[in-house]
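Per the UniProt record's numbering, numbering through the sequence shown is continuous, rising by one, with the last residue being 335. Step one of this worksheet: look at the structure below.
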Amino acid sequence: MRLSRRKILQLSASAASLPVIGSFSGLARAEGAIKTAAIYTVPVEQQWVSRIHKAALTAKERGDIEYTFSEKVANTDYERVMREYCEAGHQLIVGEAFAVEDAARAVAKDYPDRAFLIGSSFKPDAAVPNFAVFDNYIQDASYLTGMIAGAMTQKNNIGMVGGYPIPEVNRLMNAFMAGVKETKPDVKFQVAFIGSWFDPPKAKETAFAQVDAGADILYAERFGVSDAAKERKILAIGNVIDTQADYPETVVASALWHFEPTLDAAIKAIKDKAFKADDYGQYSFMKHGGCSLAPLGTFDGKVPADVMTKVTAREAEIKSGAFTVAVDDSEPKSS
C-alpha cells in the first residue's frame, strides 16, 4: 500500500506514545511481522525498484513483514520521508541512497534502533552499525545474455543505452560486453548514457541514433530502448526484468535480478538479532539465486544450438564457482 505524507504524520503522532527502544538489538526481539517501509525515487514500475517491490510483496504474503512504500520521492525529500517512517515505528527501512548517501547514513545514526537496508555504491561503515548496503550484482546473468547477443548480431554492431555511468550500471554493461566477446570477439559497441533513471522518450531517441549508426542489437538498460528496437525491427537484450511477453519479436534474452535472497537475508538477521552493517551485494550473485537468465520464450530454438550449449555450460560453471564473471565497475566505452 502507498502511504501518503498525511498518513505518515498521523502514524508519527501515534508512535510518539510508544515506549522508546533503547538499542537496535532490543527492536530485533520484537515478534511477528517486521514493520517495513520502502522509499523509492522512481515509480515502482521502474525496472530496479520493481524487483525490490516484488520481493517485499512476497515477504508480506508470507507474513514476515508488514509493508508500505512511497514512490517518486524527490532526492530533496528523501531524508524527511526516511525520518517520518522511522518516527512512525517502522523497524526496517528499505531504499536507495545513490544520490542521498550522506543524508541516509545520518538518519540511520539518529535511529540506532531501526534497521536500514539501502541500495548504495559504497560499503558499510562500522560507525553506522544498523546501515547495511546492497546492489544489483547481476553480472553473472548479464554475461550470459552477452553470449547470446554475440551469436545473434549480423552486423557485429551493438548499441547500449544506460542511465548513468555508475558502478551498478557499469558492471552489468561490462559483463554483457565480455559475454558478447566470448561468442563474437570482433563486435563493436556504441555506449551512451541518458542522464536519467526514468526517461523512456530520451532512451528511445538515443537508441534510434545507435540504430542509424549501424547497430542491429540494442542493450536495453533503460525503458524505451526496446521500443526503439521494436519499431526498427531489430533485437534487444533486457535487463533486470523480463519484458519478453511485451516484446515477443524483439527481446531475445534478459538478465533478471531477484531481490528475494537479499531481503530474506535481512529479515532473518533481524529475527536472529544479528542485523549489522553488512554488504548484502553477494545475494545478487547467481550462486545465491539473486539473478538468472530469463526464459527465451518466443526465441527458444532461434538462438544457435551450439551457442546455447555453451551458455548452459557457462551457467553451470558460474553456479559451481568454476567460472567467475569479473565485477568491472569502470565506465564502459564505445569501441
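Cβ atoms here follow ideal geometry from the backbone N, Cα and C, with glycine treated the same way. Since this is a predicted model, take the numbers as computed values, not measurements.
The criterion of a C-beta distance shorter than 7 Å is satisfied by G150 and K184. CA-CA distance, R83 to P129, rounds to 17 Å.
For the options G297, A322 and K109, the alpha carbon positioned closest to that of P124 is the one of K109.
With fewer than 16 other Cβ atoms inside 10 Å of its own Cβ, Q154 counts as exposed.
For M82, the enclosing alpha helix (DSSP H) covers residues N75 to E87.
Listed in chain order, the beta strand (DSSP E) elements of length 3 or more contained wholly in the segment 216 to 247 are 217 to 220 and 235 to 240. In the DSSP assignment, L263 falls within the unbroken alpha helix (DSSP H) covering E260 to K271. Rounded to the nearest angstrom, the gap between the Cα atoms of L218 and I138 is 18 Å. Using a Cβ distance threshold of 7 Å, T68 and A37 count as a contacting pair.
Assignment of W197 by DSSP, reduced to helix, strand and coil, places it in the coil class. Rounded to the nearest whole angstrom, the CA to CA distance from K181 to K188 is 10 Å.
Of the residues assessed, A229 falls on the buried side of the cut-off, its CB having 16 or more other CB atoms within 10 angstroms.
N174: member of the alpha helix (DSSP H) spanning P167 to T183, first to last residue. In this chain, the alpha helix (DSSP H) harbouring S142 covers Q139 to M152. DSSP lists F193 as the bridge partner or partners of G162. Here T309 is exposed, its C-beta having fewer than 16 other C-beta atoms within 10 Å.
With 16 or more other CB atoms across the displayed protein chains lying within 10 angstroms of its CB, N174 is buried. Taking the C-beta atoms as reference points, Y143 is found no nearer than 7 Å to V303.
In the assembly as shown, E45 is an exposed residue. Its beta-carbon has fewer than 16 other beta-carbons within 10 Å.
Note on E168: 16 or more other CB atoms within 10 angstroms of its CB, so buried under the neighbour-count rule.
Taking a C-beta distance under 7 Å as the contact criterion, V252 and L235 qualify as a contact pair. In terms of Cβ geometry, A220 and N239 form a close pair [threshold 7 Å].
Spanning the alpha carbons of P200 and T145 requires a straight line of approximately 22 Å. As the crow flies, the alpha-carbon of A265 is around 8 Å from that of Y280. Under the DSSP assignment, A106 falls in the alpha helix (DSSP H) whose first and last residues are E101 to D110.
For E315, the CB contacts under 7 Å within the same chain, skipping 5 residues up- and downstream, are L144 and L293 in chain order. K204 sits buried, since 16 or more C-beta atoms from the chains shown fall within 10 Å of its C-beta. In this structure, the alpha-carbon of E317 lies about 14 Å from that of G289.
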